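Engineer: Numbering of the sequence shown is given in the working numbering, commencing with residue -8 and proceeding in unit increments. Take a look at this one; I'll ask things after.
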Amino acid sequence: MRRKSAANTTPPTRPLPKPFWKLVLLGGGVVAALAAAGLLIWPQPVKWSEDAEAASSRLTLEDIPFDGGRAYEYLKTICALGRRPSGSEGMAAQQDLLERHFNTLGGTVHQQWFQIPHPQTAAPVPMMNLIVQWAPERSERILLCCHYDTLPYPMLDKRNPRGEFVGANDGASGVALLMELGNEIGTILERHQRHFGVDFVFFDGEEFIFSEDGRYFLGSEYFSRAYAGGKLPYRGRYRWGVLLDMIGDADLRIPQEGYSVGWPETRPLVNDIWSTARRLGVREFVPRRGPYVRDDHTMLRNLGKIPTCDVIDFDYPPWHTMDDRPDQCSALSLAKVGWVIREWLKAAEGGR
């Protein structure tokens, strides 16, 4: 996916290195030091021990009042566009698809354009964060976000690392969930959540990389700096942010991402979301600390000062391979995550 560092213990005080592979700190001074130095490297997402995991909930699609089936159809439609790296024809087609979808639903759509030099050719690459506002007149706001670009190539695919990567889970799952939530957001803000407005933000350039030392999180960095500098095309203050990443895995299990539950300002947000899941009986939200994942939420929190948590299932064997296709995802997983986020959103409160 992108530069992600994962750990099961408290992260080191100095910044972690920038390898493409995910680092896993297993605990203990020597092991942690080696990992921080980049000497302990695992090429696959963390596998949790079975005794530490909650059993899967027995919920079915019929039990859940969030349309996971329609969300899954959105996911398949997105993947049918093919590869969608920044600046590509597939990305442009996806942008058109999303703008039509959210305009039809009554959202206020903004395009936040920027460009970077191509990492290999230095040619300018246009990028665009897509912002969809709901109840834009409300000054207090909640940010729901995901990345919508895909890795240019499936770098971890042993058969063909230059093959096609459609990013069903790593790219399309968060987009599909927000597309479905858009069908309900008007009713939610009219009948349930009357304090906060909501913005959906789709980040470009999250993993426009061609080598291990590539630069990640370009869209969320640009957005965060613009927000901090008062340069967004709208006014408002974000009370909370929720990043949705890799949430379509058919074998779903979502622990509490390490940074999100470790930061004092985001810990209450994590507690609220996982408490909502417990109340609903969605046991795939596991109430224990998971890996420390470097993701878009770190830009939002560190640069934008937006308290943002990462809802992510990083235990996903097809990660960054050609096998990350719709058949590895499920309507039921999208339904479970969508239901939890929707019910949390209805009752979200708090101020700074």
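Quick reminder that beta carbons are idealized off the backbone N, C-alpha and C, glycines included. Just so it is clear, the structure is predicted and the values come from calculations on it, not from any experiment.
Closer than 8 Å is the cut-off here; do at least three beta carbon pairs connect the segment 237 to 256 with the segment 281 to 288?
Structural biologist: yes
Engineer: Cα separation between Trp310 and Arg244?
Structural biologist: 15 Å
Engineer: Check whether the segment 218 to 227 and the segment 136 to 152 are in contact - that is, three or more C-beta pairs closer than 8 Å.
Structural biologist: Output reads no: the segment 136 to 152 does not touch the segment 218 to 227.
Engineer: Which complete beta strand (DSSP E) runs does the segment 221 to 280 hold, if anything under 3 residues is left out?
Structural biologist: 228 to 236, 245 to 247, 276 to 280
Engineer: Going by the DSSP bridge assignment, what does Pro354 pair with across the sheet?
Structural biologist: With the chain covering -8 to 343 only, the question about residue 354 has no answer from this structure.
Engineer: Let's test the definition: count the other Cβ atoms within 10 Å of the Cβ of Lys327 and tell me whether it reaches 16, buried, or not, exposed.
Structural biologist: buried
Engineer: Name the two residues that bound the continuous alpha helix (DSSP H) containing Asp54.
Structural biologist: Run containing Asp54: none; DSSP gives neither H nor E here.
Engineer: Per DSSP, Cys70 forms a beta bridge with which residues?
Structural biologist: Answer is none; Cys70 lacks a bridge partner.
Engineer: In the DSSP assignment, find the unbroken alpha helix (DSSP H) run with Arg132 in it and report its ends.
Structural biologist: From DSSP, Arg132 is part of no alpha helix (DSSP H) but of the beta strand (DSSP E) over 131 to 138.
Engineer: Look at Pro115 and Gln102 and say whether their C-beta atoms are less than 9 Å apart.
Structural biologist: no
Engineer: Leaving out five residues on either side along the sequence, give the residues of the same chain with a beta carbon under 7 Å from the beta carbon of Phe93.
Structural biologist: Only Val100, Val123, Gly173 meet the Cβ criterion.
Engineer: Could one say the Cβ of Ser321 lies closer than 9 Å to chain D's Cβ atoms, at least one of them?
Structural biologist: Chain labels in this structure do not include chain D; a single protein chain is all it has.
Engineer: Can you tell me the Cα-Cα spacing of Glu90 and Ala167, whole angstroms?
Structural biologist: 13 Å
Engineer: Within 10 Å of its beta-carbon, does Gln111 have 16 or more other beta-carbons around it, so buried, or fewer, so exposed?
Structural biologist: exposed
Engineer: Could you give the distance in angstroms between the alpha-carbon of Leu88 and the alpha-carbon of Arg292?
Structural biologist: 29 Å
Engineer: Residues in the same chain with beta-carbon distance under 7 Å from Arg228, minus the five sequence neighbours each way, listed in chain order, please.
Structural biologist: Ser130, Glu131, Arg132
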